[in-house]
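K.L.:
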């Protein structure tokens with residue numbers, strides 16, 4: 006499950022850092038986290054735990070330079086797939102959490118599904134939805150909304 010994990014949030018504010026840590030600690034007991042902040046709030050969370058190693062969770066606001074353009078790219082892709090419902094949701098996104106799982110991280114993790122659970126847990130906390138590379142878009146409960154084309158190509162090999 007190496008690749009990028011993105012959590013798209015529709016709410017403008019929150020969730021608060023302590024709520025994020027509560028959520029993550031319910032998924033990975035004793036996980037430690039250090040938030041990096043600036044005048045706009047937190048922009049990065051560095052997680053550490055023996056079962057996942059170090060995981061860097063980035064936080065973007067759609068008001069930041071370049072982020073809206075990325076959202077528009079996702080919206081155009083969804084429109085090309087005739088998923089106008091999901092396109093509308095992604096256009097309304099206000100925040101994005103993202104993290105990358107490298108093949109090395111995946112090899113060292115005691116449970117590779119933990120990364121998916123992190124993304125889905127954060128989406129549930131913040132009433133969002135998830136995109137996982139080579140898998141697709143998912144609801145917080147894990148329901149697949151649209152499969153990623155990379156996953157489809159991988160199945161053909």
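Residue numbers (the numbering used here): 6 to 162.
For every residue, glycine included, the Cβ atom is placed at its ideal position computed from N, Cα and C.
Counting C-beta neighbours from all protein chains within 10 Å, is the total for residue 51 16 or more, i.e. buried, or is it exposed?
P.N.:
So residue 51 ends up on the exposed side.
K.L.:
Quickly, what does DSSP pair residue 71 with across the bridge? List them, please.
P.N.:
Paired residue(s): none; residue 71 is not in a bridge.
K.L.:
Leaving out five residues before and five after residue 105 in sequence, what residues of the same chain have Cβ atoms less than 6 Å from its Cβ?
P.N.:
So the list reads 9, once near-sequence residues are dropped.
K.L.:
Going by beta carbon distance, what residues of the same chain come within less than 6 Å of residue 127, once the five residues before and after it are set aside?
P.N.:
So the list reads 12 and 102, once near-sequence residues are dropped.
K.L.:
With DSSP collapsed to three states, give me the class of residue 44.
P.N.:
DSSP places residue 44 in coil when its eight states are reduced to three.
K.L.:
Going by CA-CA distance only, name the one from 131, 115, 79 and 114 that's closest to residue 137.
P.N.:
That would be 79, whose Cα lies nearest to the Cα of residue 137.
K.L.:
Where residue 64 and residue 144 are concerned, what is the direct C-alpha to C-alpha distance, given to the nearest angstrom?
P.N.:
Residue 64 and residue 144: Cα-Cα distance of roughly 19 Å.
K.L.:
On a CA-only basis, which of 22, 53, 21 and 14 is nearest residue 114? Give me that one, please.
P.N.:
Answer by Cα proximity: 53.
K.L.:
Per DSSP, what kind of secondary structure is residue 59 in: helix, strand or coil?
P.N.:
Here residue 59 sits in strand by DSSP.
K.L.:
How would you write the range of the beta strand (DSSP E) that residue 149 sits in, first residue to last?
P.N.:
Run containing residue 149: 149-152, per the beta strand (DSSP E) assignment.
K.L.:
Does residue 143 come within less than 7 Å of chain D when only Cβ atoms are used?
P.N.:
In the structure shown, chain D does not exist; there is a single protein chain.
K.L.:
So, for residue 91: in the same chain, excluding its five sequence neighbours on each side, which residues have a beta-carbon less than 7 Å away from its beta-carbon?
P.N.:
Cβ within range, chain order: 83, 142, 150 and 151.
K.L.:
Quick check on residue 125: does DSSP put it in helix, strand or coil?
P.N.:
Three-state result, residue 125: helix.
K.L.:
Using only the alpha-carbon positions, how far apart do residue 123 and residue 29 sit?
P.N.:
Answer to the nearest angstrom: the Cα atoms are 7 Å apart.
K.L.:
Going by the DSSP bridge assignment, what does residue 94 pair with across the sheet?
P.N.:
DSSP lists no partner for residue 94.
K.L.:
Go ahead and pull the three-state DSSP assignment for residue 15.
P.N.:
In this structure, residue 15 counts as coil in the three-state DSSP scheme.
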